[in-house]
Structures are given as structure tokens and as C-alpha cells.
Amino acid sequence: METSAPIIEKPVIAEIEKPPLLLSQLVFLRFKRHKMAVAGVIVLILMVLYSIGGTFFKSEAFSLVTDTSIRLNAPSSIHPFGTDAVGRDILARTIYGGQISLMIGMIAMILEVIVGVLIGALAGYYGGILDSLLMRFTEAMLNIPQIPLLLVLGKLLADKIQPIVLLGREFSGSVIVIIAVIGLTSWMGLARIVRANFLSLREQEFVTAARCTGTNNLSIIFDHILPNTMAPIIVSATLSVANAIISEAYVSFLGVGVMPPTATWGNMLNGAYNYIETAPWLWIFPGSLIVLTVLSINFIGDGLRDALDPRALTQAE
Amino acid sequence: MARYIIRRLLQAIPLLIIISITIFALLQNSGDPLATMGGKRVTRSEDRVRLARILGLDQPIYIQYVYWLVGNDWVKLDINQDGIFETTGQRKGVLRGDFGNSLVARGQSAMELIKERIPNTLVLMIPAEIIILTFSLLVGIFSALRQYSLTDQVITAGSFIGYSMPIFFVALASMYIFGVNFRKWGLPYLPTVGMFDPKIGKTFSQVAVHMVLPIISMSLVSISGYSRFVRSQMLEVISQDYIRTAYAKGLSERMVLFGHALKNAAIPFVTLVGIDIPFLLGGAVVTETIFGWPGMGRLFIDHLTRFDTPVVMGILMLISLAVVICQLLTDIVYGWLDPRIRYT
Numbered sequence: 021m022e023t024s025a026p027i028i029e030k031p032v033i034a035e036i037e038k039p040p041l042l043l044s045q046l047v048f049l050r051f052k053r054h055k056m057a058v059a060g061v062i063v064l065i066l067m068v069l070y071s072i073g074g075t076f077f078k079s080e081a082f083s084l085v086t087d088t089s090i091r092l093n094a095p096s097s098i099h100p101f102g103t104d105a106v107g108r109d110i111l112a113r114t115i116y117g118g119q120i121s122l123m124i125g126m127i128a129m130i131l132e133v134i135v136g137v138l139i140g141a142l143a144g145y146y147g148g149i150l151d152s153l154l155m156r157f158t159e160a161m162l163n164i165p166q167i168p169l170l171l172v173l174g175k176l177l178a179d180k181i182q183p184i185v186l187l188g189r190e191f192s193g194s195v196i197v198i199i200a201v202i203g204l205t206s207w208m209g210l211a212r213i214v215r216a217n218f219l220s221l222r223e224q225e226f227v228t229a230a231r232c233t234g235t236n237n238l239s240i241i242f243d244h245i246l247p248n249t250m251a252p253i254i255v256s257a258t259l260s261v262a263n264a265i266i267s268e269a270y271v272s273f274l275g276v277g278v279m280p281p282t283a284t285w286g287n288m289l290n291g292a293y294n295y296i297e298t299a300p301w302l303w304i305f306p307g308s309l310i311v312l313t314v315l316s317i318n319f320i321g322d323g324l325r326d327a328l329d330p331r332a333l334t335q336a337e
Numbered sequence: 082m083a084r085y086i087i088r089r090l091l092q093a094i095p096l097l098i099i100i101s102i103t104i105f106a107l108l109q110n111s112g113d114p115l116a117t118m119g120g121k122r123v124t125r126s127e128d129r130v131r132l133a134r135i136l137g138l139d140q141p142i143y144i145q146y147v148y149w150l151v152g153n154d155w156v157k158l159d160i161n162q163d164g165i166f167e168t169t170g171q172r173k174g175v176l177r178g179d180f181g182n183s184l185v186a187r188g189q190s191a192m193e194l195i196k197e198r199i200p201n202t203l204v205l206m207i208p209a210e211i212i213i214l215t216f217s218l219l220v221g222i223f224s225a226l227r228q229y230s231l232t233d234q235v236i237t238a239g240s241f242i243g244y245s246m247p248i249f250f251v252a253l254a255s256m257y258i259f260g261v262n263f264r265k266w267g268l269p270y271l272p273t274v275g276m277f278d279p280k281i282g283k284t285f286s287q288v289a290v291h292m293v294l295p296i297i298s299m300s301l302v303s304i305s306g307y308s309r310f311v312r313s314q315m316l317e318v319i320s321q322d323y324i325r326t327a328y329a330k331g332l333s334e335r336m337v338l339f340g341h342a343l344k345n346a347a348i349p350f351v352t353l354v355g356i357d358i359p360f361l362l363g364g365a366v367v368t369e370t371i372f373g374w375p376g377m378g379r380l381f382i383d384h385l386t387r388f389d390t391p392v393v394m395g396i397l398m399l400i401s402l403a404v405v406i407c408q409l410l411t412d413i414v415y416g417w418l419d420p421r422i423r424y425t
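As they're listed, the protein sequences go chains Z and X. Numbering follows the numbering used here, in which position 227 of the first sequence is assigned residue number 247; successive positions increment by one, without gaps. Numbering follows the numbering used here, in which position 45 of the second sequence is assigned residue number 126; successive positions increment by one, without gaps.
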């Protein structure tokens, strides 16, 4: 993105006396130079503040109150974002919907990283039959298009799980289903990246050295090789938060994902196209929140990719 | 080459079988086909039992799968449960093109329903895909050739934003601007719903006008993503030595760009597109739902919400088949683009 101007413009002698920068400091320095990524961090923090801080102004019960006498009301001083087709306040629903959408993004990402890293690491490190088996499985998963699969699984499992109560709030059981389904259908790309890195790293000398000192396989995988392949994992994980939020919005938008009354930014859009002429505020507010969040996460991912690029790192040194 | 294609097709068979078993196992024991079929009318338990037997739901799941795959017209069934197996099955099985009868649309086979919709989806997808490929190549090459210029930076920023847009947001926004507000402002506006105006009928111009918004929303996101990819591929290729050689031996700019650079830059692009075409099908579900387009995507979501298993199974299997075929075509195009690749 940015043209790489040297950061430290000091005489060479002074540079040697200065203690070398830590890796994390370098990455931070380079990340800071990516202006859009910094803007992304700010917008994302604002989003989190909006959906968490909003709880102090609007209660959850208020977001669930239905009153058909005020259905499809245009934005006003009482309902700044207007009301939806059953008279619920859209501002309050974007606050509580935001919590769910962001939570789905985060937890689905964690699930995806766990599965993707495990499968990729095992396949890449052990190779042989285990590798072929796991990779054929990965390819089979890649062959099923994600959205139809999400729709089918969401539809099948959504009714089967009871609502759960967490932190005094009741969540529709479909939230869990959607998180699990998104996490378990999106790890394939990450697994392939991790496998490719493991394949090349396991031949390197530090692995041989670790093996000579009697380190067991698990420790070699997780303590020695994995830290060396963190950069692509971090970038991929960041971007997959955005993907998970979009995936949830897709299925919920089609009425198959998270079930009302629990709000998400996605299911608030469900049916909005029926009122496109009369009530555009139904989709403008939740839709813009999704776009802003996804855009800022993608910018952060892009910034991290540049900041963590090993070739760029040596340049900055 | 022929041997390679045959081998790939043979390899696809077990893959499709695994996919079909997975989807079948998932779908078969979901919902209540009897309730779907009879609505509230089939309440008598004898009727339910009889219906279940006609549908073959009393059989263990692996037998159901075999009947689904190869049909049951070669076995005798005991429909009235008198211990005598006298009725011959009616189903022909997927391998002979019979996905079973739809549970929702009475008297119609799933295959008929799907066949009706496939042309509508293709009418939307093929122009969309052509537009996507043309524009992403043009935009990508254009901005690669003007790297770091103002145009390039505008395009790069714009494509980054477009790439982060969910299809439904683009669809709703374009609908709101070009359909609703243009009409309000008295400008020529575009229709937002359906495939043609029922008052005018299904004429070519009607379908073409109704196609504009769905195609815009489907292609915008893809063009943004692909043009970024094409740009970075082109940048990598035009810094290579053989491009300098091509210029040095006096070839025209056009020849170097399109004959040498693009052909090499296109190789990874072909893979990406080949993998993504099925995802476009997924996007079609959303686009067709929003724009009320009577295609396969909407058929899928309509029948999924009503647990019409045969239709849903049919569409999923067709998509999986499309994926396999797309991948094979990708590999063939690959071999044509890069003569270094030889398939044996």
C-alpha cells in the first residue's frame, strides 16, 4: 500500500548504539503507517462502544417491545432510527443486534482458527497418509458452496436447540447453531495456508535441533513451528471475522439464521426489501453498520498483512 | 489430455457420492415430510403410516439412500402392510434423472421444478459472469499500468470498499436509488421486482430491463475483488525479464500486454474464477430473493423453508456437479494458457 520510506533517518553509528526494536514494536510502527488500517481500528472501537455502551441508554426489553400501532414509523425524536414492521425500535435493535453480530464474528473466528490450525498443522507436520486424508477432506468441504450449506444447516438445526440464558440475557438457540456452522464451514483456506507453511518449516534446522534435544512432536508443532507461522494466521483470522459477520447476515437476511426476537444486524434486514419504497430506514441503518464494520475489519487485515510481511520487516530494520 | 479428463471424471464420482451421502443424511431426517405434504389435513395416524410407506420413510436410512440413488422400481414394496410385497416402486433414482416428487408442489417432480428454473438463473448468471470477467480484467490491467497514479489509487480504494460490501447491501441500495428514488424524481427508473412486467409479457426488452439491477449487484462485488487480484498479478508479471525482452525485440505494447503479460497473469486468475463460480450461485440465492427473480436460488430458499427435501437435495447435487465440472474446465483452460503444464 504505502511507499516504504525508511523510518529511522539517523546516522548509521547512532543506529547501532540504539537497542534494536522488538518485533512487536516494528509491526506496530509499520501498522501505524497504514492510515486506513488505523481508521479501521478507530471505527471498529466505535462499533464496539456503540453496541456495548448502548446498553446503558436502551434496555434490552425496549428492543423487544412490539407495538403494531407504531409499525414502520419514520425516524423521529422518540425512535431516532424509526421502527420496524412490528413496531420495534430500530436504534435499540441495532445496539443489541450489534452485540450478537460482533460476538458471532469473534467466536466463529476462534472456532475457525482452532479447526484450521489443527488440521493444517497435523497434515503439514506429519505428512503421509494423514496429510492426504485431511487434505482430501478439506477439498471435499471446499466443494460444497458455503452459502447453500449454511442455509441448509441453519434451517435444520435452528429449531432443535433450546434458548440459552447467558449473563441474564436470553439468546435464541439459533445463535449457537449459526456460530458453529459458520466456524465449521470456513476453516479450509486457513488449513491450507498453515499446512503449506508447516511443510516448509518442518525441514528447517531449528526443527531438527528441537528434535535432537528430545522435544516431543506436540511441543515442536505448537512451541516451535506455530509461532513462526503466526503472521498469515493473524491476517487470515482478522479477515475471517468480517467474513463470519457477512455470512451470518446472509443467512439471517434470508430468514434462516438467527431467529427473532434476538436481533442481529443480518436478521433486521430480513424482509426489508418488501418495504423498499415505504420504509428505507429498515435496511439503511443495520446495513450501513454491517458495511462499516466489515470494511474496517478488512482494512485492519490489510494493514496487518503489510505490517507482518517478513520481507517488509527486514526493510524497516 | 483425454485420459486426464477421464481420470478426473472418475475421481469426481466418489467425491460426489460422499457429498450426496452427507447431504442426504443431513436432510432426510429433518423436518416432517408428512406434515409438509398434507398440511394439517393428514392427521389420522393410519393415513400418516400409509403415506410414510408410500414415500419409503419406514425404511432404514441406507435403504432410503439406495432408493434415492438408483430408484425402487426393481423391488416389490408392501404398501398396505399385509405381509405381501406386491406393489412395484415408482421411483427411478437420481442416476436416471429422477430426484423424486416435490412434497410441496403436488404432482410435479423435483426435476421438472428445477428444469423450469435453470434457464432463468442462467439468463442472469451468464451475462453477469461475462461482465464480471471483462470489467475485472480491464480495471485490473488499467490500474496496474498506472501504478501509484491518482486513477490507480481511486480504483484501488473503490475496489477495496466494493469488495467489503455484502451483495444484499448493494442490491438494496441500487434498488432504492435506481428503482425508488429515480421514479420519485421523475427520472427513467429501473424495475425492481420480477423478470418481466405481467402486463407487457415476457419480451426480450422487458427481461433485459429487469436484469440490470440484479446483474449490477452481483457483479459489483465480484469485479472489485477480482480487479484487485488482476492488478497485483499484472504488477508481478510486468516486472519480469521476459516482458523486457518482448519490448526489446520490438513487439507492440498491445502484443506485449495481451499476448505475453496477460496470458501469464491470467493463470492464477482462472483458478480463482473457477473456484468462485459456485459462490456466485450462492450469491444468486440472495440476489434472486431480493429482486423476485424466478430462478434456482429462489426455488432453493422457498423449498428449503418448507422442508421440501427432494427439491433441495436436487439443487444441492446440481451445484456440487457444477463445482466439479467448473474445476475440470479450470484445469483444461490452465493447460491451454500455460504450455508448461502437461496433463498425463
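The beta-carbon is built from N, C-alpha and C at its ideal position, and this holds for glycine as well.
Once you ignore the five residues that flank residue i on each side, which residues in its own chain have a CB closer than 6 Å to its CB?
{"i": "Leu177(Z)", "result": "Val197"}
{"i": "Ser300(X)", "result": "Ala209, Ile212, Ile213"}
{"i": "Leu84(Z)", "result": "Pro281"}
{"i": "Leu409(X)", "result": "Arg89"}
{"i": "Lys173(X)", "result": "Gly152, Asp179"}
{"i": "Ala299(Z)", "result": "Leu92"}
{"i": "Met56(Z)", "result": "Phe319"}
{"i": "Ile310(Z)", "result": "Ala269, Trp285"}
{"i": "Ile222(X)", "result": "Met315"}
{"i": "Gly60(Z)", "result": "Ser316, Phe319, Ile320"}
Work out the CA separation of residue j and residue i for me, nearest whole Å.
{"i": "Ile79(Z)", "j": "Asn237(Z)", "result": "Contrary to the premise, residue 79(Z) reads as Ser rather than Ile in this sequence. Approximately 51 Å, taken between the alpha carbons."}
{"i": "Ile99(X)", "j": "Gly102(Z)", "result": "49 Å"}
{"i": "Arg50(Z)", "j": "Val68(Z)", "result": "24 Å"}
{"i": "Phe241(X)", "j": "Leu107(X)", "result": "37 Å"}
{"i": "Pro349(X)", "j": "Leu343(X)", "result": "11 Å"}
{"i": "Ile396(X)", "j": "Met161(Z)", "result": "17 Å"}
{"i": "Phe263(X)", "j": "Val274(X)", "result": "15 Å"}
{"i": "Thr202(X)", "j": "Gly373(X)", "result": "12 Å"}
Comparing alpha-carbon positions, which option in the options lies nearest residue i?
{"i": "Asn93(Z)", "options": "Tyr295(Z), Asp329(Z), Ile199(Z), Tyr116(Z)", "result": "Tyr295(Z)"}
{"i": "Val314(Z)", "options": "Thr75(Z), Ser121(Z), Arg231(Z)", "result": "Ser121(Z)"}
{"i": "Ile130(Z)", "options": "Asn263(Z), Thr298(Z), Leu274(Z)", "result": "Asn263(Z)"}
{"i": "Val172(Z)", "options": "Trp285(Z), Ser272(Z), Met56(Z), Leu64(Z)", "result": "Ser272(Z)"}
{"i": "Gln228(X)", "options": "Arg309(X), Asp139(X), Ile87(X)", "result": "Arg309(X)"}
{"i": "Val367(X)", "options": "Glu297(Z), Thr205(Z), Leu170(Z), Gly74(Z)", "result": "Leu170(Z)"}
{"i": "Trp303(Z)", "options": "Phe250(X), Phe259(X), Val261(X), Arg379(X)", "result": "Phe250(X)"}
{"i": "Val414(X)", "options": "Leu316(X), Asn345(X), Glu127(X), Tyr270(X)", "result": "Asn345(X)"}
{"i": "Phe82(Z)", "options": "Phe48(Z), Asp109(Z), Ile241(Z), Pro95(Z)", "result": "Asp109(Z)"}
Taking buried to mean at least 16 other C-beta atoms within 10 Å of its own C-beta, is residue i buried or exposed?
{"i": "Phe319(Z)", "result": "buried"}
{"i": "Ser152(Z)", "result": "exposed"}
{"i": "Glu22(Z)", "result": "The pLDDT assigned to Glu22(Z) is 47, lower than 50, so where the model puts this residue is not dependable; a value taken from the coordinates is nonetheless given after this. With fewer than 16 other Cβ atoms within 10 Å, it is exposed."}
{"i": "Met169(X)", "result": "The identity of residue 169(X) in the sequence shown is Thr, whereas the question assumes Met. Exposed, since its Cβ has fewer than 16 Cβ neighbours within 10 Å."}
{"i": "Leu91(X)", "result": "exposed"}
{"i": "Asp243(Z)", "result": "exposed"}
{"i": "Val235(X)", "result": "exposed"}
{"i": "Asp322(X)", "result": "exposed"}
{"i": "Gln119(Z)", "result": "buried"}
Quick one: what's got a C-beta closer than 8 Å to residue i's C-beta in the same chain, skipping five residues either side?
{"i": "Leu385(X)", "result": "Val393"}
{"i": "Ile281(X)", "result": "Gln287"}
{"i": "Thr411(X)", "result": "Val351, Thr352, Val354, Gly355, Ile356"}
{"i": "Pro100(Z)", "result": "Leu111"}
{"i": "Val337(X)", "result": "Ile324, Ala327, Tyr328"}
{"i": "Ser239(Z)", "result": "Ala230"}
{"i": "Gly174(Z)", "result": "Ser194, Val197, Ile198, Val201, Val271, Val276, Gly277"}
{"i": "Thr370(X)", "result": "Gly378, Arg379, Ile382"}
Within its chain, find whatever has a CB closer than 7 Å to the CB of residue i; leave out the 5 residues flanking it on each side and keep chain order.
{"i": "Ser401(X)", "result": "Leu97, Ile100"}
{"i": "Leu154(Z)", "result": "Ile139, Leu142, Ala143"}
{"i": "Gly136(Z)", "result": "Trp207, Leu210, Ala211, Val214"}
{"i": "Val302(X)", "result": "Gly243, Tyr244, Met246, Ile248, Val251"}
{"i": "Ser313(X)", "result": "none"}
{"i": "Ile167(Z)", "result": "Tyr270"}
Does the ligand NAD have even one heavy atom less than 8 Å from the beta-carbon of residue i?
{"i": "Gly395(X)", "result": "Among the ligands in the structure shown, none appear at all, so the ligand NAD cannot be discussed."}
Discussion item. Closer than 7 Å between beta carbons: that is the criterion. Which residues of the region 292 to 320 of chain Z meet it against chain X?
Written reply: Ala292, Tyr293, Ile296, Glu297, Pro300, Trp303, Gly307, Ile310, Val311, Val314, Leu315, Asn318
Fill in: Where the region 274 to 293 of chain Z meets chain X: residues whose CB sits under 8 Å from a CB there
Along the region 274 to 293 of chain Z, the positions whose C-beta sits under 8 Å from a C-beta of chain X are Leu274, Gly275, Val276, Leu289, Ala292, Tyr293, read in chain order.
Worksheet entry | Interface positions of the region 215 to 249 of chain X facing chain Z (Cβ-Cβ less than 9 Å), listed along the chain | Tyr229, Thr237, Ala238, Phe241, Ile242, Tyr244, Ser245, Met246, Pro247, Ile248, Phe249
Fill in: Contact residues within the region 246 to 274 of chain Z, judged by C-beta distance below 8 Å to chain X
Ala262, Ile266, Ala269, Tyr270, Phe273, Leu274
Discussion item. Counting only Cβ-Cβ distances shorter than 9 Å, please list the residues of the region 144 to 176 of chain Z near chain X, keeping chain order.
Written reply: Taking 9 Å as the Cβ-Cβ cut-off against chain X, the residues of the region 144 to 176 of chain Z that qualify are Arg156, Glu159, Ala160, Leu162, Asn163, Ile164, Pro165, Gln166, Ile167, Pro168, Leu169, Leu170, Leu171, Val172, Leu173, Lys175, Leu176.
Worksheet item: When you check each C-beta in the region 351 to 367 of chain X against every C-beta of chain Z, which residues fall closer than 8 Å?
Response: Ile356, Pro359, Phe360, Leu362, Gly363, Gly364, Val366, Val367
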